[in-house]
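*Asks:* Residue numbers (the working numbering): 145 to 460.
Ideal Cβ positions, reconstructed from N, Cα and C, are used throughout, including at glycine.
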Ligand SMILES: *Cc1c(COP(=O)(O)O)cnc(C)c1O
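(1) Which residues end up in the neighbourhood of ligand 1 when you take C-beta atoms closer than 6 Å to any of its heavy atoms?
(2) What residue from 334, 448, 220 has the CA that sits closest to residue 432's CA?
(3) Beta-carbon within less than 7 Å of residue 406's beta-carbon, same chain only, minus the 5 sequence neighbours each way: which residues are those?
(4) Nearest-angstrom Cα distance between residue 271 and residue 454?
(5) Count the C-beta pairs between the stretch 340-351 and the stretch 375-383 that are closer than 8 Å, then say yes if the count reaches three, no if not.
(6) Let me check understanding here. Comparing Cα to Cα, which of 295, 374, 273 lies closest to residue 283?
(7) Distance, Cα to Cα, residue 443 vs residue 395?
(8) Output the boundary residues of the beta strand (DSSP E) element that contains residue 419.
(9) Does residue 178 come out as helix, strand or coil in the three-state DSSP assignment?
(10) Given 8 Å as the limit, is there contact between the stretch 401-420 and the stretch 313-328, that is, 3 or more CB pairs closer than that?
(11) In three-state terms, what does DSSP make of residue 150?
(12) Classify residue 277 as helix, strand or coil using the three-state DSSP reduction.
(13) Under 8 Å, with one C-beta from each stretch per pair, do the stretch 161-175 and the stretch 186-196 reach the 3-pair mark?
(14) Tell me the DSSP bridge mates of residue 199?
(15) What are the partner residues of residue 165, as DSSP defines its beta bridges?
(16) For residue 302, count neighbouring Cβ atoms within 10 angstroms of its own Cβ and tell me buried if that reaches 16, exposed if not.
(17) Buried or exposed, going by whether 16 or more other CB atoms sit within 10 Å of the CB of residue 332?
(18) On a Cα-Cα basis, can you pick out the residue from 237, 385, 450 that is closest to residue 397?
(19) Could you give the distance in angstroms between the alpha-carbon of residue 344 and the alpha-carbon of residue 316?
(20) Smallest Cα separation from residue 264: which of 408, 372, 419, 389?
(21) Where residue 158 and residue 459 are concerned, what is the direct C-alpha to C-alpha distance, given to the nearest angstrom?
(22) Assign residue 446 to one of two classes, buried (16 or more other C-beta atoms within 10 Å of its C-beta) or exposed (fewer than that).
(23) Give the range of the alpha helix (DSSP H) segment to which residue 444 is assigned.
(24) When the Cα of residue 164 is compared with those of 290, 338, 274, which residue comes out closest?
(25) Assign residue 237 to one of two classes, buried (16 or more other C-beta atoms within 10 Å of its C-beta) or exposed (fewer than that).
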């Protein structure tokens, strides 16, 4: 990735945590994150002792809304960490502009977005560091694991030290670190998956294109101009009764679907924050992710389209 270092660690969460520490995030700092994401995004900020500050998203990309980000910047803000949610790139050019103006760093949570691009450049190539997750549900896996990418030699060295008890030379520990190493066994799985992820992604994109053309009565995912989507999830918006829709998909058509994520982070018992994030709330109530994975057959795709369209029509 344009000559960036890639550092293997034992989970995506460890990748975020070490990346933030290596980038100099310390207690008292604030890092702006979306609330509409997996809890690991904000958890990793909190684990450094810094405060995650939640900003709203836009309903088209489900990623950080630059206007909302700008509104929560304080003199303690040191960074912005967008999530390339569902495999769609966050609005990086606008966020970088804000970061530049306020002298902030950009960190990328690319856990779900292996191979997604903005104007031809891959996600993971924009931030001070980025993290890709290799958890089994992601577009590629090592069984459990993560990768940190960075172009900054200082961040790279510190992340490598933090991964291994703070030692480069054995028993000459330079700082207090973790055991966050990826095992050889996990790496062997990851290296094989790496050969396949491109083809799998193309199949995801073909499945998504079929849904885009054939689904009716629901809002299909949008792709921003200049971006490529790698469809970790194919997430539709369902009008009135999302939970009823999901249950009918399961009970009447035997089709599993997912809600990512039903409770925004700022309202989790672990954070309980007072922020008012209306678009985040709206998304949490309306999103539904239908199967898009590369092992679906044409028969599966036809069955999913028929079920969704029938339920959407019945609800209309
Ligand atoms: C999966 C995920 C993580 C955490 O990755 P793990 O490998 O499970 O630790 C962080 N952020 C997002 C958005 C994720 O989807």
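*Replies:* So, from the listed chains and residues:
(1) Working through the chain, the matches are 155, 156, 157, 181, 182, 184, 185, 227, 253, 255, 256, 277, 279, 290.
(2) Considering only alpha carbons, the answer is 448.
(3) The beta carbon of residue 406 is closer than 7 Å to those of 428 in its chain, skipping five residues each way along the sequence.
(4) Those two C-alpha atoms are separated by around 43 Å.
(5) Output reads yes: the stretch 375-383 touches the stretch 340-351.
(6) When each option's Cα is compared against that of residue 283, the closest is 374.
(7) Looking at the two C-alpha atoms, the distance is approximately 19 Å.
(8) Counting along the chain, residue 419 falls outside any beta strand (DSSP E), and DSSP gives it neither H nor E.
(9) Note: residue 178 maps to strand in three-state DSSP.
(10) Using a C-beta cut-off of 8 Å, the stretch 401-420 makes no contact with the stretch 313-328, since fewer than three inter-stretch Cβ pairs fall below that distance.
(11) Residue 150 falls in the strand class under three-state DSSP.
(12) Note: residue 277 maps to strand in three-state DSSP.
(13) Result yes; three or more Cβ-Cβ pairs closer than 8 Å.
(14) Bridge partners of residue 199: 178.
(15) None, per the DSSP bridge assignment.
(16) So residue 302 counts as buried.
(17) Burial call: exposed.
(18) Looking at the Cα atoms, 450 is the closest of the given residues.
(19) When rounded, the separation of the alpha-carbon atoms in residue 344 and residue 316 is 43 Å.
(20) For the residues 408, 372, 419, 389, the minimum Cα distance to residue 264 belongs to 372.
(21) The straight-line gap from Cα to Cα measures roughly 43 Å.
(22) Label assigned to residue 446: exposed.
(23) Residue 444 -> alpha helix (DSSP H) spans 442-459.
(24) Among 290, 338, 274, the Cα nearest to that of residue 164 belongs to 274.
(25) Exposed, by the Cβ-count rule.
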